[in-house]
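J.: First, the structure itself, so that you have it in front of you.
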Amino acid sequence: MRGDVRTYLSSCTVCQLTKPSQLKPAGLLVPVHANEPWEYVGVDFVGPLPRTASGNQYILVFVDYFSKWVEASAVREASAQVAASKFVGDIFARHGAPRHLISYRGAPFVSALFIKVVEMVGSDHRLTTSYHPQTNATERVNRTLKTAIRAYVGDKHTSWDRYIPQICFALRTAPHESTGFSPARMLYGRELATPLDHLIQPPTDYLNDPMLSRPDVLRSTLSMTHDHARVALEASHEKQKRHYDLRRRPVEYAPGDLVRLKTHPRSDAAANFAAKLAPLYGGPYRIMQRLSEVNYRLASVDGAQDLGVVHVVNLQPFHTWQTAETLIRGFLCPCTRVYMLRGKHIVLSIVWLHLPLTLIHRLMVTCIVCFVLP
């Protein structure tokens, strides 16, 4: 009975929308498997940062999921025009059209201009789910960029844009822990020369160097590098998934299920609104489509309003009165009826009570039970 009461109480709407969940976050890790350079590319803006003498406030970052090559540029604004121009100039013109371009659902990347440019080069534009930035591989690069900038600028916070090229060079020439190779070697089959290389190594013999004089050797080297990188990436994905899934729980919803959606309100002093006192969830909403293991398309309960794609980490099941009504009927008897009267739920049921009279005979007493639920 304790479990039945707990199940019924879980249908309280106010409690469901205001109380935090005590469970592990939902959704296991689903890695993106890239098998060749520029198959998957992530894009993101970093900022706003302190305005520099050149007027720059943002960093536009592109990351190749396979080679881990980084293209980063200091820009003045986070706009669709800037994103489209840099995508054509820094990615398409240098590396070709990526097969898939992954971005968050910010205004610059959902604008008609940016979408049209991506379509023109033949790339498939994929948007990450709201309030789940981990889907985009640029998030980790963004943290690395901020750490490096912090080390470079010291107390001169308006000079950060001077060091973006040097930071990119360091990222491109350092071996990546996931692949075991530097991004430069993954793309070009060789390491980029540094000033130190020219000091301690003899000049390159371009005529007799087999890597430069025989293209077949270069192709073979690149092929072996990519093969080793694929194995290393797969092992890295498995390791990340093991650690990630320890703190997560698998959850699956079906089309038609009711859920509540985590809210992300912002305080507004002018309106006397405090985010800390706002409901933690909104809803109920209805699951319309299961797109993957962790992504679902939501709509209003009547299906009239499309709420877009949501990651399962932002969802919780919504328990309704119908769920509790079914529980009560099963607990009492099949003929239980529930009525509404002045906003109250009136439950009318017949209960059979077995009362022991002797060790041999038992008396079954029939009772009509009526009680009121809030």
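Be aware that the sequence shown starts at 1, since it is given in the UniProt record's numbering, and climbs by one per residue.
Beta carbons: idealized from backbone N, C-alpha and C, even for Gly.
Return helix, strand or coil for V104, following the three-state DSSP convention.
T.: In the sequence as presented, Val is not what sits at residue 104; that position holds Tyr. Y104 falls in the coil class under three-state DSSP.
J.: Whole angstroms is fine: what's the gap from H228's alpha carbon to T179's?
T.: 8 Å
J.: Measure how close the beta-carbons of Y285 and A299 come, nearest whole angstrom, since I'm counting them as under 8 Å.
T.: About 7 Å; that satisfies the 8 Å criterion.
J.: Within the same chain, show all residues whose beta-carbon is closer than 7 Å to that of F318, passing over the 5 residues directly before and after it, in chain order.
T.: Q16, L258, V259, R260, G283 and P284
J.: Mind checking which residues open and close the alpha helix (DSSP H) that includes Y188?
T.: Run containing Y188: P183 to Y188, per the alpha helix (DSSP H) assignment.
J.: Have a look at T225 and A174 and give me their C-alpha separation to the nearest angstrom.
T.: Within the model, the alpha-carbon separation for T225 versus A174 is close to 15 Å.
J.: What residues in its chain sit with their C-beta under 8 Å from that of N295, if we drop five residues either side in the sequence?
T.: T129, V309, V310, H311 and V312
J.: With DSSP as the reference, label P31 as helix, strand or coil.
T.: Reduced to three states, the DSSP call for P31 is coil.
J.: Please tell me whether V63 and V141 are closer than 8 Å, where the distance is taken between their beta carbons.
T.: yes
J.: Looking at the secondary structure, which residues open and close the beta strand (DSSP E) in which A72 lies?
T.: V70 to V75
J.: At which residues does the alpha helix (DSSP H) containing V153 begin and terminate?
T.: T138 to V153
J.: Is R260 helix, strand or coil when you go by DSSP?
T.: In this structure, R260 counts as strand in the three-state DSSP scheme.
J.: Using the three-state DSSP reduction, which class does D302 fall into: helix, strand or coil?
T.: coil
J.: Three or more C-beta pairs closer than 8 Å, one from the segment 184-202 and one from the segment 83-90: is that the case here?
T.: Result no; under three Cβ-Cβ pairs closer than 8 Å.
J.: Consult DSSP for G122 and reduce its assignment to one of helix, strand or coil.
T.: coil
J.: Output the distance between the C-alpha atoms of L373 and C12, rounded to the nearest integer angstrom.
T.: With a pLDDT of 46 at L373, under the threshold of 50, the predicted position of this residue should be treated as unreliable, though the coordinate-derived value follows. The straight-line gap from Cα to Cα measures roughly 12 Å.
J.: Let me know the secondary structure DSSP gives L127 once reduced to three states.
T.: strand
J.: Could you spell out where the beta strand (DSSP E) holding L60 opens and where it closes?
T.: Y58 to D64
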